[in-house]
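Chemist: Protein chains in written order, with the numbering used here: chain C, 3 to 159; chain W, 2 to 148. From the three backbone atoms N, C-alpha and C, an ideal C-beta is built for every residue, glycine too. These numbers come from a predicted model, not from an experiment. Okay, handing you the structure first.
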């Protein structure tokens, strides 16, 4: 007989196959209900899940966003794939390679065309109701390489 | 990007979105679709290795998910058991005060696994009575093994 006993503290929480699960879900909604439904769902998700981050952005501004994305990429063991350039009014983010897209492709998956919205719609929603806005400047669906910026609305023209 | 560590809240919100849009049946249909087309690794393991395949699949997933669990595989008895002391997914949804888990969040496990497992001639039973505390159990048996 084989037996395995584990405490939560025995392992790091990093189940990358969840990226495949999210890609599956995005593809499912798009096929069944259309692209607008994907955006509607992701807005709702980001509105609920990112409430604490949105509040932090309202208090600390762009530094809160930089801290959040730095930690997110460290958790994904991809800290070298993200760089930041921050001024008072703008945070520019350069992504060399997206860990989610890398994992999905490594496992033979096709990226759902609307997967880009997990960046664009989610980031737009994070800063909704704050003095900031988000722009996805470029996005490569093959690698997830992207250029992004959060900027103060008054300075964003 | 939604990090894989942020997937569970996204999953729960997806169930809520589907239910709000088209009722519980829409959620059940989604789970059926995942079981059919979204669990290739589990299909492969169970079809090739039976109960041992279940062990392989959940050993990988539950370690990566940092679950608090016990698993046993008794091939002579034809039995694979998981006792989940604290599910990291449901636990996360319960711990974060600003999140409200989908009302039948834990229902996705038997919905995904029972039909899939039983399509390979095994039986799947689960105990969800402890899910309010992020605890549950499942037993998969091979009826062809003589006890």
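Against residue 150 of chain C, what residues of chain W qualify as contacts under a CB-to-CB distance less than 7 Å, listed in chain order?
Modeler: Around residue 150 of chain C, no beta-carbon contact reaches into chain W at under 7 Å, the shortest distance being about 10 Å.
Chemist: Could you give the distance in angstroms between the alpha-carbon of residue 122 of chain W and the alpha-carbon of residue 144 of chain W?
Modeler: 8 Å
Chemist: Are the stretch 40-54 of chain C and the stretch 135-155 of chain C in contact at 8 Å, needing three or more beta carbon pairs?
Modeler: no
Chemist: Flag this pair as yes or no: are the beta carbons of residue 84 of chain C and residue 97 of chain C separated by less than 8 Å?
Modeler: Contact: yes.
Chemist: Terminal residues of the continuous alpha helix (DSSP H) containing residue 128 of chain C?
Modeler: 119-128
Chemist: Does residue 5 of chain W get closer than 8 Å to chain C when you measure Cβ to Cβ?
Modeler: yes
Chemist: Could you tell me which uninterrupted alpha helix (DSSP H) segments, each at least 4 residues in length, are contained entirely in the stretch 30-56 of chain C, listed from first to last along the chain?
Modeler: 37-51
Chemist: Give a yes or no on contact between the stretch 99-118 of chain C and the stretch 10-27 of chain C, applying the rule of three or more CB pairs nearer than 8 Å.
Modeler: yes
Chemist: Going along chain C, which residues have a C-beta under 9 Å from residue 35 of chain W?
Modeler: 23, 26, 27 and 30
Chemist: Buried or exposed: where does residue 125 of chain C fall if 16 or more other Cβ atoms within 10 Å of its Cβ makes it buried?
Modeler: Result: buried.
Chemist: Between the Cα of residue 60 of chain W and those of C:64, C:43 and C:6, spot the shortest distance and give me the residue it belongs to.
Modeler: C:6
Chemist: Opposite residue 87 of chain W in the DSSP bridges: which residues?
Modeler: W:69
Chemist: Cα separation between residue 77 of chain C and residue 146 of chain W?
Modeler: 43 Å
Chemist: Under 8 Å, Cβ to Cβ, is there at least one residue of chain W near residue 51 of chain C?
Modeler: yes
Chemist: Can at least three beta-carbon pairs, one atom from the stretch 2-17 of chain W and one from the stretch 95-109 of chain W, be found at a separation below 8 Å?
Modeler: yes
Chemist: Counting along the chain, where does the alpha helix (DSSP H) carrying residue 27 of chain W start and finish?
Modeler: 25-38
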